[in-house]
Amino acid sequence: MKTAEIPNNRFVVFGSGRSGLAAAKLLKRHGASVAVADEKPVDPNSPAAVELAEADILLFSGESSSKAFEGRDVIVLSPGIPRYHPRVGRALSGGLRVIGEIELASAFVPEDSRVIAITGTNGKTTTTAWISHLLTQAGFDAPAVGNIGASWSESVDQPRTDPGNTIFVVETSSFQLESVEDLHPNIALLTNLAPDHLDRYSNYGEYVAAKKHILRNLTPDDAFLWNSDNTDSRTFFSTANTRTFCFSASGDTGMPGAFMSGDILCVRDENEVATELLGSDDLPLPGQHNLENALATALAATLAGAPIEAIREGLRTFRGVEHRIEFCGEKNGVRYYNDSKATNIDSLEKALKSFRAPVILIAGGRHKGTSYDVLKELVGERVKRVLAIGEAAQLMEESWSAVTSVVRARNMEDAVRQACATSESGDVVLLSPACSSYDMYNNYEERGRDFKARVQAVL
């Protein structure tokens, strides 16, 4: 969407969460007619309702939410509203235009500012946060926004004294990318691809097609970064109409990008000049997947113009992201880790491969359509006991009970209690669900914080 179109259209923002509120206020400040719709009842005295009232923006919630769509031209979807929502489908059939919150925010990026957009199946949030951390350390104004939880609409509307020094680091999900039109990143980064969200997409190809929207507006002057160790990422590489750079944790690809030379992280520019950065032992986060995240981060920062010494320092000093193999404490030689962001099979696999110690695994939640049989061998090798929770507990029991002990737990409190009671010195208790959280929680953050609270109660 172009900013010149804003005053000439009537908008409804669907969803009254943080990003929805910010999008509505952004539109209002730029002269648009805007209302907010939320299908859940919103208390008139709630902070969201008060904030909208103060901005003179109408809120329609609960049974009255349908009124917000009357006479509107454009629907702006909050991050939590899927494009397949029945109301959105009816709007599309009626000729309304539907865009996402990140599409709206991208229209207001100052001409001199830049955008790094990150997508992929796993590693998006860690890589987004790591790039933001590193570029900030290097002296850039580099807010991490988008699917990471911070509203881009809010950030882009803040006054900046030097827009040319601003780089928006934007995490984008497949859901968000479904509703982009003019989003134009200067650097697009794909962490990896693996089957996910098959409860939403009819097949893997549809999921990949949604991810490919990140490429649609790239020019030959932009850059696309991809993981050459991930076979499915090649489907992107072959269709990118821009400069391409790869990163590899398995060795030197011989191409411009980031790679490992033995245990040393290196970058190579387009002039084929390679520079050593630091050893893998100097990285603060464990696991092969975080080595890939570090290489992607270093490559993005290099292309953004960060000095080499700042890249080294930013790689060393990053302390990780909540809910991503997050250390929660230790008691009697047993270590507890929160990996609540592991909402699919691939991320659970990466988590299990990060530990050499025996694992007591807390897993389960809402099944997303991929068979747990693919991890049968790995679970048998690494996991001494599974404590299965949520709707997927029976499926996990059916897949893994032949290779390890699988025990049902009533809830998170029961799972942590059982883990504490049966663990031995040297064990790791790991929450890595391989499922979405929506059967028991509002989101994976709530699930992770519940786990941490239960762990603190037994430490």
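Its first residue numbered 836, the sequence shown is counted upward by one per residue in the numbering used here.
All C-beta atoms, glycine included, are put in the ideal place defined by N, C-alpha and C.
Bear in mind the structure is a predicted one, so any value in this text is a computation, not a measurement.
Under a three-way DSSP split, which group does residue i fall into?
i, result
"P1095", "The amino acid occupying residue 1095 in the given sequence is Met; Pro does not appear at that position. If DSSP states are grouped into helix, strand and coil, M1095 belongs with the strands."
"I1160", "coil"
"N1128", "helix"
"N1076", "coil"
"R1243", "strand"
"S1068", "helix"
"C1101", "strand"
"T960", "helix"
"E1259", "coil"
"T1178", "coil"
"V1264", "strand"
"A872", "strand"
"L778", "Look at the range of the chain in this structure, 836 to 1294, and you will see that residue 778 is not part of it."
"T1001", "strand"
"V1214", "helix"
"Y1039", "helix"
"G1283", "helix"
"Y1207", "helix"
"I916", "coil"
"A1237", "coil"
"E1111", "strand"
Taking 8 Å as the threshold (C-beta atoms), are residue j and residue i in contact?
i, j, result
"R1134", "V1108", "Just to set this straight, residue 1134 is Leu in the shown sequence, not Arg. No, the pair does not count as a contact, with Cβ atoms beyond the cut-off."
"H1158", "N1179", "no"
"G1168", "S1260", "yes"
"R1122", "K1188", "A small correction: the amino acid at residue 1122 is Gly; Arg does not occupy that position in the sequence shown. Cβ atoms of G1122 and K1188: closer than 8 Å."
"W965", "F1153", "yes"
"A1084", "D1064", "yes"
"D992", "L861", "yes"
"I937", "V1015", "yes"
"L1018", "N982", "no"
"G1149", "A973", "yes"
"V817", "A979", "The first residue shown for the chain is 836 and the last is 1294, placing residue 817 beyond what the model contains."
"D908", "R864", "no"
"G852", "S899", "no"
"M1247", "D1285", "yes"
"V1221", "A1192", "no"
"G866", "G915", "no"
"L1060", "L1025", "yes"
"A859", "V848", "yes"
"S1009", "A1045", "yes"
Whose C-alpha, out of the options, is nearest the C-alpha of residue i?
i, options, result
"T961", "L1120, S941, D1098, L912", "L1120"
"A1186", "H1124, S899, D1262, N1021", "H1124"
"G999", "S1234, A1139, I1195", "A1139"
"R949", "E1161, R925, A1023, S1267", "A1023"
"V1263", "Y1273, V1251, K860", "V1251"
"A1029", "V1015, R1201, S1182, F904", "S1182"
"T1132", "K1211, G958, M1090, P1020", "G958"
"A977", "A1141, D1274, S1175, R1289", "A1141"
"G1164", "C1255, E898, S1009", "C1255"
"S1258", "K1166, G897, D947", "K1166"
"A1223", "D1249, G1215, D1208", "D1249"
"D1034", "K875, V944, S1271", "S1271"
"S941", "H1202, W987, L969, E874", "W987"
"H968", "P914, T956, I1146", "I1146"
"F1094", "F904, E1216, L1130, A1244", "L1130"
"Q1011", "I953, S881, T1054", "I953"
"D1056", "K1046, V1043, P1020", "P1020"
"V1238", "F849, G1200, K1219", "K1219"
"E1127", "F1059, N1027, L1196", "N1027"
"I1002", "E946, A1227, A1044", "E946"
"D1208", "S881, Q1229, T971", "Q1229"
Classify residue i as buried or exposed, calling it buried when 16 or more other Cβ atoms lie within 10 Å of its own Cβ.
i, result
"N1076", "exposed"
"Y1279", "buried"
"I1099", "exposed"
"Y1276", "buried"
"T1298", "Limits of the chain in this structure are 836 at one end and 1294 at the other, which puts residue 1298 out of reach."
"T963", "buried"
"L927", "exposed"
"Y1171", "buried"
"S1175", "buried"
"E1184", "buried"
"G1225", "buried"
"A897", "In the sequence on display, residue 897 carries Gly and not Ala. Looking at its Cβ environment, which holds fewer than 16 other Cβ atoms inside 10 Å, G897 is exposed."
"G1089", "exposed"
"F1162", "exposed"
"S1236", "exposed"
"Q1291", "exposed"
"R1282", "buried"
"L1074", "For the sequence presented, residue 1074 should be read as Thr rather than Leu. Exposed, by the Cβ-count rule."
Under the assumption that residue i contacts residue j (Cβ atoms under 8 Å), give the Cβ distance between them as a whole number of angstroms.
i, j, result
"A872", "I892", "In fact, because the Cβ distance is near 11 Å, the residues do not count as touching under 8 Å."
"I1177", "S1267", "In the sequence as presented, Ile is not what sits at residue 1177; that position holds Ala. 4 Å between Cβ atoms; contact."
Please check if any C-beta of chain D sits within less than 8 Å of the C-beta of residue i.
i, result
"E1226", "Included in the structure is just one protein chain, with no chain D present."
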